[in-house]
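Take a look at the structure below.
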Amino acid sequence: MIPAPFSYEAPTTIDEALALLAASPDDAKILAGGHSLIPAMKLRLAQPTVLVDIGRIKDLSYIREQDAQILIGAMTTHYQLESSTLLQRICPLLPECASHIGDVQVRNKGTIGGSVAHSDPAGDWPAAIIALGAEMIAVGKNGDRAIKADDFFIDLLTTALSAGEILREIRIPKPTGRFGHAYEKVRHPASGFAVVGVAVALQKGSAGACESAAVAITGVASKAYRAGSVEKALQGQQFNEQTIAAAASHATDGVDANSDLYASEDYRRHLAQVYTQRAIRAAAARAK
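Using the working numbering, the first residue of the sequence shown is number 240, and each one after it goes up by one.
As structure tokens, this is what we get:
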């Protein structure tokens, strides 16, 4: 289909982009890669009258290590994250997650900020962002605002970003100690989105027991969520098969699971448990 008529704007600075959003607070949409928005516009599920393409704002694309944090610009592409030698060394969950997204074309054009701000319930990045305890930096007319990842994803295609705000940066605490990361995913054969995706970031103590664990799951519910019951079951435990299986059995506690033509609610719950086990096992093995 053909999108509804719209005007196209391509600002080169954040201030220009904010001014354009302020001029059309109810009718403007941000284009940050376009792999979700453009199809929605073609189907007329989204009908913005103003399209603000922030792809020419060079200040929004970067990967930096700063003190105890990793700073990622919102317009950093999936491929840049996948291929970053810095991230492969200090935060391997990000490159691993990026490698699961779409195909080569999508990874070269799509951006982490666009994906996170879209909050697709089957998107890969939200699970990794939550598991890493990230902080989202939004910029608006009143300046910057920090939003914790646990509070950022509100519901289906809904985030804590306010009208007129732009996601500027993602800040991630740099992992320390004996840490292990893993992302395991059941890929939908047609779309490439996650039927179920599980991100795990954990730390081992000196005796090899679980010192801390963060487990986040996408594809199961209307938004990515933190599996707190799994984390609690792992705390202080050794990473043996019995402990991992028992913890993973709580992967969908308190969650209303999605159901569709490809995967029923029961099947999704089963997959969530199986792939939570796999992700925990892989992360634990990598925590040296």
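Even glycine gets a Cβ: it sits at the ideal position worked out from N, Cα and C.
Pairwise C-beta distances place the stretch 339–357 in contact with the stretch 305–320, as three or more of them are shorter than 8 Å.
Just measuring C-alpha positions, the residue of G419, L257, E480 sitting nearest V289 is L257.
Put simply, of L282, R295, Q516 the residue whose alpha carbon is nearest the alpha carbon of Y247 is R295.
Taking the Cα positions, F245 is about 10 Å away from V291. Residue range 467–473 is occupied by the alpha helix (DSSP H) that includes K471. For the 8 Å CB-CB criterion, W364 and I376 do not form a contact.
Across the structure, P331 and H420 are spaced so that their CA atoms are roughly 7 Å apart. For K443, the enclosing beta strand (DSSP E) covers residues 433–443. Rounded to the nearest whole angstrom, the C-alpha separation of H489 and A402 is 36 Å. For Y247, the uninterrupted beta strand (DSSP E) segment begins and ends at 246–248. If you ignore the 5 residues before and after E450, its C-beta comes within less than 7 Å of the C-beta of Q442, K443, G444, all in its own chain and listed in chain order.
Linking P360 to I483 through their CA atoms gives a straight-line distance of about 25 Å. When Cβ pairs closer than 8 Å are counted between the two stretches, the stretch 514–526 is seen not to touch the stretch 492–502, the count staying below three. Residues of the same chain with a CB within less than 7 Å of the CB of D266, apart from the 5 flanking positions on each side, are P287, T288, V289 in chain order. With a beta-carbon spacing of about 6 Å, G475 and A448 fall inside the 8 Å limit used to define contacts. If only uninterrupted beta strand (DSSP E) runs of at least 3 residues are considered, those enclosed by the stretch 341–411 are 374–379, 382–387, 392–394. Spanning the alpha carbons of V439 and I269 requires a straight line of approximately 30 Å. Taken in chain order, the complete alpha helix (DSSP H) segments of 4 or more residues contained in the stretch 443–522 are 467–473, 480–487. Setting aside the 5 residues that flank it on each side, A307 is surrounded in the same chain by K413, each with a C-beta closer than 6 Å to its C-beta; the list follows chain order. Nearest to F391 by C-alpha distance, out of F418, H427, R465, is R465. Of V355, K424, L284, N381, the smallest CA-CA separation from T397 is found for V355. Taking C-beta atoms as the reference points, E470 and A453 count as a pair closer than 8 Å.
Taking 8 Å as the cut-off, the beta carbon of G431 is found no closer than this to the beta carbon of G353. In terms of CA proximity to R507, H427 leads the group A337, H427, P334, R384. According to the DSSP assignment, H427 belongs to no beta strand (DSSP E), since it is labelled neither H nor E.
Bounds of the alpha helix (DSSP H) holding Q327 are 324–329.
Q319 has no beta-bridge partner at all, per DSSP. In the three-state reduction of the DSSP assignment, I277 falls in the helix class.
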